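**Q** Dumping the structure here so I can ask a few things about it.
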Amino acid sequence: TQLLEQSPQFLSIQEGENLTVYCNSSSVFSSLQWYRQEPGEGPVLLVTVVTGGEVKKLKRLTFQFGDARKDSSLHITAAQPGDTGLYLCAGTSGTYKYIFGTGTRLKVLA
Amino acid sequence: DAGVTQSPTHLIKTRGQQVTLRCSPKSGHDTVSWYQQALGQGPQFIFQYYEEEERQRGNFPDRFSGHQFPNYSSELNVNALLLGDSALYLCASSLGQPNQPQHFGDGTRLSIL
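Written out as structure tokens, the structure is:
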């Protein structure tokens, strides 16, 4: 059974701090996606990574796919209150089934 | 360009009843996936529909069934509702090839009393 574990589960930081969220598995994924979900809304796609070692940047967010395609990280620089939300990673192994991680709930305090 | 739309937004049912949830995919998308998201957890894959057929299924009982229509919209049906079926039900649309990014609707919040 494929599992994606995210850490930390909860994170509360001050505005301006940096943070990293991790997404780990013992399985290899052919692609991995990161989403942010706010209360009462569906997840919103942030990025898709498909190549081992790939790094993508989205303004203050940096996403990395592990060389072995078993793990990924999301780094936020100078966090802002607008970054608050539930961050989810999701992987697929070339099938049509997406496995979601357990989620990291981030709160950025002004 | 309309995104993924789901209806209804909220629904309250009692144990043993049946429910139908609806989803219209993002324009240009032909594939619809359904997920169950319990409070405080990540979404769990229920199944995916493509070309009006279920082509992949997660670990959900047969009480969960679906349908896709020629216009690519989809329905999720749940029979014999249990208290544990209370959750946010999310629909995601995408293109039909593997590894495609998904676009989610805002979900239907189902409460079972």
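Chains A and B supply the protein sequences, listed in that same order.
FYI, our numbering numbers position 66 of the first sequence as 66, with every residue one higher than the one before it.
FYI, our numbering numbers position 88 of the second sequence as 1088, with every residue one higher than the one before it.
Ideal Cβ placement from N, Cα and C applies to all residues, glycine included.
Only a predicted model underlies this, so the values are computations on that prediction, with no experimental measurement involved.
Determine whether the Cβ of A/Q33 lies closer than 8 Å to any Cβ atom of chain B.
**A** At least one chain B Cβ lies under 8 Å of A/Q33.
**Q** A/E15 to A/H75, Cα distance in whole Å?
**A** Between A/E15 and A/H75, the C-alpha separation is close to 14 Å.
**Q** Using CA coordinates, which residue listed in A/P43, A/A79, A/T62 and A/G94 is at the minimum distance from A/L109?
**A** Nearest C-alpha to A/L109: A/A79.
**Q** When we look at the beta-carbon of B/A1038 and count the other beta-carbons within 10 Å, is it buried (16 or more) or exposed?
**A** B/A1038 comes out exposed.
**Q** Residues of the region 70-98 of chain A with a CB closer than 7 Å to any CB of chain B: list them in chain order, please.
**A** Cβ contacts with chain B: L88, T92, G94, T95, Y96, K97 and Y98.
**Q** Given that a residue counts as buried once 16 or more other Cβ atoms are within 10 Å of its Cβ, and exposed if not, what is A/R69?
**A** Per the 10 Å Cβ criterion, buried.
**Q** Rounding to the nearest angstrom, what Cα-Cα distance links B/S1065 and A/E54 in this structure?
**A** In a straight line, the C-alpha of B/S1065 is about 38 Å away from that of A/E54.
**Q** Rank A/V21, A/S27 and A/S7 by C-alpha distance to the C-alpha of A/G94 and give the top, closest one.
**A** It is A/S27.
**Q** Identify whether B/G1084 lies in helix, strand or coil by the three-state DSSP scheme.
**A** Helix.
**Q** How about A/S25: is its C-beta nearer than 8 Å to some C-beta of chain B?
**A** Closer than 8 Å: no.
**Q** Using only alpha-carbon positions, find the residue among B/G1107, B/F1060 and B/E1052 that is nearest to B/D1030.
**A** Per the Cα distances, B/E1052.
**Q** Between B/P1008 and the rest of its own chain, which residues show a CB-CB distance below 7 Å, the 5 nearest in sequence each way excluded?
**A** Cβ neighbours of B/P1008 beyond the five flanking positions: T1108.
**Q** Express the C-alpha separation of B/C1091 and B/E1075 in angstroms, rounding to a whole number.
**A** Roughly 9 Å separates the two Cα atoms.
**Q** Would A/S72 pass as a contact of A/T20 if the rule is Cβ separation under 8 Å?
**A** Not closer than 8 Å, so no.
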